[in-house]
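Chains as they are written, first to last, in my numbering: chain A, 1 to 155; chain B, 1001 to 1584. Worksheet: one structure, shown below.
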Amino acid sequence: MEKEGKTVIAGESRVLEMLQEINKNEGYISRERLSSISRELGIPLSLLYGLVTFYNQFNLATSGRYTIEVCEGTACHINKSSEIKRAIKDAAGISVDETSSDGLFTLRDVRCLGACALAPVLRLNKKIYSKMTYEKTKELIFKLKKEAEGEAKLK
Amino acid sequence: MKHIIRVCTCTGCQANGSLEVFEGLCRAVSGRKKECEGKGIEIEVKETGCTGLSETVPNVLVEPSGILYVNVNEDKAERIVDSVINNYVIDEMLFELDGKKYGKLTDVPFFALQERVLLARCGYTTPLSLSDYIESGGFEGLKAAVSMKQDEIIDILKRAKLRGRGGAGFLTGIKWRFLKNAKGNEKFLICNADEGDPGAFMDRSLLESDPFAVLEGMLIGAYATGATRSFIYIREEYPLAIDKVKTAIDILKENGYLGNNVLEKFSFDIEIRKGAGAFVCGEETALMNSVEGKRGQPRIKPPFPAERGIFGKPTNINNVKTYAFVPLILRNGPEWFLDKGNGKSSGGTLLICLTGKIRLNGVVEVKMGTALRKVIYDIGGGLKSGKRLKGVQTGGPSGGCIPEALIDTEIDYESMQELGSIIGSGGIICIDEDDSIIDLCIFFLDFLEKESCGQCTPCREGIIQMKDLIIKIKERKASEQDIAMLEKLAVYVRDNSLCGLGQTSPNVVLSSLKYFRDEFERRISGKPVFKINEKCTGCHLCFLKCPVKAINGSPKEIHEIIQEKCIGCGICYDVCKFQAIDKE
């Protein structure tokens, strides 16, 4: 680590950034990816697995076309984020960490998106939807389902 | 005459369509360019940081008139531009509270009653405009600092009594002195922007609205302590804040404020690191491990970061708000800062995120020592839908619940601690009579169970056991001894956990037991469980008599008891004339 008195930040200390990059570009981190990073950086696979399971950000499985993140912060909880989840269960048939059978939706919990004043919120493919209700959530999901059906017909 | 129309484009405002409003305004202005030229009017539409009044976003501020328009959407953009050109005020788009309309932003009580120094630029300048920043006093603090000796700067911070705004509240001047005196050829500075407390988002707001201020604070820190390198650790849940800070760093580099030979005095670099979604990384040593590419588990102290911090090098770590205060203190002097406090251990103002059942959600800034009542009722407008305030939860998962009876308390480090809570990162979540304290405890313990790093047993196991005990109480299976056990366990976890987050994790339980004990005691077992049978005629009498509104049903239909709410008092059983309620 020490080189002419200046700390060189490389290798192991860059591993989180590498994993974040893969997670962002590929949507998840595959077993093969983990193995190749392990060989490349000389970090035991078990340690890498420990890392990716420690941090909430990383996915170890593929996600649906739309990832719905429901905020589980206090303000959202108080303002009934449970209703958002109920709507998603009813409209897409999934609970947290599940992907719908048509491969369209994946539901995830997220720890506070920092939009507490607009609670309860959800994030769908990086866009935040504010002051969500059961009805609004259902509408959103049906709209996306319809769009997907329309596309399928065109093909 | 020149007019500026300002629209905030922070994460929250974007979520409510402020970008579309911004574009709509730009289109409207360019569509009427000729007319403006004819009348000698110039209109510029500018992106700004957030005013903090999140309740009514997107908000639009017109200058120089100072008129605030709220709940604006794309369709209203044309009218706003027309009102500027033809010099009138659109009444129905003004901010309204209790039947009164307010024209100017500065007249709205939400703003008028604040003491905005850290938020002074928010809403008035363009976040990534270096010229806006400099025109509004930017770098004056840094310039004052580099004309001083290191010890002078540190002394000023100590005299100003700047306590860390991240939660622990350590005196910044002392921390900086530790690093300055630390031995080593390479020292690090870290800005903790891993704002993981649910219910607090002022760090995000500040980073998106005034990123240069935070970076200037870091530059002063580097000069005062001799640090040459630094990291700003921002949670990945804040992509826009990350983008803004990244651009701000690039701009500073291009303009000679970062890199080698800053103001011909020192060298300093700032790198961004993204969090990966772990609450515990808000703890300073866990954060350092995370930057080093490890699991974010706290380290044992001592050694303290100033001796052996990141990569084993002397390190100082402060919160976003703490750094942002530094340039202001250097610019205005320690007395000015002290004057913003209430004469106790900390000077300065306090940033608060008001959320929950409050009428006006948002970010506010008040003098240290302002009463909770003033913040909730005078600034926040009281509760939504006129319900009774039950209490406030402060300080996130490390804080506690304070009952309504104590809302005349002045908010400062000492009084909040006396009440068994903390200021923490500054989140205040209002709960009303419909909210169950038991459910809130379960919510926080569930959060903490998932976020505990798992390293030490008291926190890892204690939180689960506390949660199980409270669920047992909720389900009315617990005895008196279980409540005593819960209390004992909470004290044990507090006294024996390794890191600050573990030690504060039982605060929510302890404060709830202190102030809302009857809610726990009402549910201990031995009290009967009531159920409604098919003899119910829907007379609605039990519905009306239930003291905790635990009965659901419309007249003439079979009613139902919500068991989670029922306290087993038996009033419904007593009043029912049709033997429609069974007692088990």
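Cβ coordinates follow ideal geometry from the N, Cα and C atoms, glycine included.
Pick helix, strand or coil for A:Tyr129, following the three-state DSSP scheme. Here residue 129 of chain A corresponds to residue number 129 of the first sequence, with the count starting at 1. Three-state result, A:Tyr129: strand.
Indicate whether at least one CB of chain B lies closer than 8 Å to the CB of A:Lys6. Here residue 6 of chain A refers to the residue found at position 6 when the first sequence is read from its first residue. With 8 Å as the cut-off, A:Lys6 counts as an interface residue toward chain B.
Determine the direct distance from the alpha carbon of B:Asp1210 to that of B:Val1021, and round the result to whole angstroms. Counting from one through the second sequence, the residue named residue 1021 of chain B turns up at place 21. Counting from one through the second sequence, the residue named residue 1210 of chain B turns up at place 210. Whole-angstrom Cα-Cα distance: 21 Å.
With a threshold of 8 Å, are at least 3 pairs of Cβ atoms found where one atom belongs to the stretch 1229-1245 of chain B and the other to the stretch 1253-1269 of chain B? yes
Contacts around B:Arg1523, its chain only, beta-carbon distance under 6 Å, and the 5 residues preceding and following it disregarded: Taking the second sequence and counting its residues from 1, the one referred to as residue 1523 of chain B is at position 523. So the qualifying residues of the chain are Ile1473 and Arg1476.
Using a Cβ-Cβ cut-off of 8 Å, state whether A:Phe58 counts as contacting chain B. What you label residue 58 of chain A is simply residue 58 of the first sequence in a count that begins at 1. Chain B contact via Cβ: present.
So, with DSSP's three-state summary, where would you put B:Asp1243? Looking up residue 1243 of chain B in the second sequence gives position 243. In this structure, B:Asp1243 counts as helix in the three-state DSSP scheme.
Using a Cβ cut-off of 8 Å (strictly closer), state whether A:Lys3 contacts chain B. Looking up residue 3 of chain A in the first sequence gives position 3. At A:Lys3 the pLDDT is 42, less than 50, meaning the model places this residue with poor confidence; the figure from the coordinates comes in the next sentence. No, A:Lys3 lies away from the interface with chain B (no Cβ there is under 8 Å from its Cβ).
Please state the DSSP three-state secondary structure of A:Gln57. Here the question's residue 57 of chain A lines up with position 57 in the first sequence. A:Gln57 falls in the coil class under three-state DSSP.
Taking the alpha-carbon positions, what's the B:Glu1035 to B:Leu1068 distance? Here residue 1035 of chain B is taken as the residue at index 35 of the second sequence, counted from 1. Here residue 1068 of chain B is taken as the residue at index 68 of the second sequence, counted from 1. Rounded to the nearest angstrom, the two C-alpha atoms are 24 Å apart.
Pairwise C-alpha distance: A:Thr99 and B:Met1288: For this step, residue 1288 of chain B is matched to residue 288 along the second sequence. For this step, residue 99 of chain A is matched to residue 99 along the first sequence. Between B:Met1288 and A:Thr99, the C-alpha separation is close to 35 Å.
Between the stretch 67-79 of chain A and the stretch 101-121 of chain A, do at least 3 Cβ pairs fall closer than 8 Å? yes
For A:Ala92, return the contacting residues in chain B, with the cut-off set at a CB-CB distance below 8 Å. As a working note, residue 92 of chain A is residue 92 in the first sequence. Result: empty, since nearest Cβ-Cβ is about 22 Å, beyond 8 Å.
Is any non-hydrogen atom of the ligand MG found closer than 7 Å to the C-beta of B:Asn1318, if you look at the structure I gave you? Among the components of this structure there are no ligands whatsoever, and the ligand MG is therefore not found.
Quick one: grab the DSSP three-state call for B:Cys1401. Here residue 1401 of chain B refers to the residue found at position 401 when the second sequence is read from its first residue. Of the three classes helix, strand and coil, the one that applies to B:Cys1401 here is strand, per DSSP.
Using a Cβ-Cβ cut-off of less than 7 Å, list which residues of the stretch 8-20 of chain A approach chain B; keep chain order. Glu12, Ser13, Arg14, Val15, Leu16 and Gln20
Closer than 8 Å, CB to CB, is A:Ser36 near chain B or not? As a first step, residue 36 of chain A is located in the first sequence; it is residue number 36 there, counting from the start. No, A:Ser36 does not count as interfacial toward chain B.
Within a Cβ cutoff of 8 Å, which residues of the same chain sit near B:Asp1518, ignoring the five residues on either side of it in sequence? For the purposes of this step, residue 1518 of chain B is taken as the residue at position 518 of the second sequence. Once the five neighbours on either side are set aside, B:Asp1518 has no close Cβ partner at all.
Give me the residue from A:Lys131, A:Gly50 and A:Ile84 with the minimum Cα distance to A:Arg108. Start at 1 with the first residue of the first sequence, and residue 108 of chain A comes out as number 108. For A:Arg108, the nearest C-alpha among the options comes from A:Ile84.
Exposed unless 16 or more other CB atoms sit within 10 angstroms - verdict on A:Glu4: Looking up residue 4 of chain A in the first sequence gives position 4. Residue placement at A:Glu4 is poorly supported in this model, since its pLDDT is 48, which falls under 50; the coordinates still yield a value, given next. Counting Cβ neighbours within 10 Å, A:Glu4 comes out exposed, since fewer than 16 surround it.
Alpha carbon to alpha carbon, how far is B:Gly1277 from A:Phe54? Give it in angstroms, no decimals. The residue given as residue 54 of chain A occupies position 54 in the first sequence. The residue given as residue 1277 of chain B occupies position 277 in the second sequence. Whole-angstrom Cα-Cα distance: 9 Å.
Environment of A:Glu2 [buried if 16+ CB atoms lie within 10 Å]: Taking the first sequence and counting its residues from 1, the one referred to as residue 2 of chain A is at position 2. With a pLDDT of 42 at A:Glu2, under the threshold of 50, the modelled position of this residue cannot be trusted; read the value that follows with caution. Exposed is the call here.
Using the beta-carbon of each residue, which ones in chain B are nearer than 9 Å to A:Thr74? Start at 1 with the first residue of the first sequence, and residue 74 of chain A comes out as number 74. Going along chain B in sequence order, the residues near A:Thr74 (Cβ under 9 Å) are Asp1197, Pro1198, Gly1199, Thr1355, Gly1356, Gln1393, Gly1396, Pro1397, Gly1427, Ile1429, Leu1440, Phe1443, Phe1444 and Phe1447.
With DSSP as the reference, identify every bridge partner of B:Val1062, one or two as the case may be. Within the second sequence, numbered from 1, the residue matching residue 1062 of chain B stands at position 62. In DSSP, B:Val1062 forms a bridge with B:Ile1005 and B:Ile1067.
For the putative contact between B:Asn1319 and B:Gly1164, defined by C-beta atoms under 8 Å, what is the C-beta separation to the nearest angstrom? If you number the second sequence from 1, residue 1319 of chain B lands on position 319. If you number the second sequence from 1, residue 1164 of chain B lands on position 164. About 6 Å separates the two Cβ atoms, so the contact holds.
Mapping the DSSP letters down to three states, classify B:Gln1465 as helix, strand or coil. Walking along the second sequence from the start, residue 1465 of chain B turns up at place 465. Correct three-state label for B:Gln1465: helix.
A:Thr67 by DSSP, collapsed to three states: which one? Along the first sequence, read from residue 1 onward, the residue named residue 67 of chain A stands at position 67. The answer is strand: DSSP assigns A:Thr67 an E or B state.
Taking DSSP as the reference, what is the three-state secondary structure of B:Tyr1133? Position 133 of the second sequence, counted from the start, is the residue given in the question as residue 1133 of chain B. Here B:Tyr1133 sits in helix by DSSP.
Please report whether the beta-carbon of A:Arg111 lies at a distance below 8 Å from any beta-carbon of chain B. The residue labelled residue 111 of chain A in the question sits at position 111 within the first sequence. Chain B contact via Cβ: present.
Does the CB of A:Gly114 have a neighbour CB from chain B at under 8 Å? Here residue 114 of chain A refers to the residue found at position 114 when the first sequence is read from its first residue. Yes, because at least one Cβ of chain B sits closer than 8 Å to the Cβ of A:Gly114.
So with Cβ pairs under 8 Å, would you call A:Ala61 a contact of chain B? Here residue 61 of chain A refers to the residue found at position 61 of the first sequence. It does not; no Cβ of chain B falls within 8 Å.
Per DSSP, which residues does B:Asp1432 bridge with? Please list them. Here the question's residue 1432 of chain B lines up with position 432 in the second sequence. Beta-bridge pairing links B:Asp1432 to B:Leu1389.
Starting from the Cα of B:Leu1445, find the closest Cα among B:Glu1418, B:Glu1487 and B:Ser1505 and give me that residue. Taking the first residue of the second sequence as 1, we reach residue 1445 of chain B at position 445. Measuring from the Cα of B:Leu1445, the nearest candidate turns out to be B:Ser1505.
Entirely enclosed beta strand (DSSP E) segments - the stretch 1483-1542 of chain B, minimum 3 residues: 1530-1532
Whole angstroms are fine: how far does the CA of B:Leu1189 sit from the CA of B:Glu1292? Taking the first residue of the second sequence as 1, we reach residue 1292 of chain B at position 292. Taking the first residue of the second sequence as 1, we reach residue 1189 of chain B at position 189. Those two C-alpha atoms are separated by around 14 Å.
Closer than 8 Å to chain A by CB, B:Arg1116: Here residue 1116 of chain B refers to the residue found at position 116 when the second sequence is read from its first residue. For B:Arg1116, the answer is no, since every Cβ of chain A falls outside 8 Å of its Cβ.
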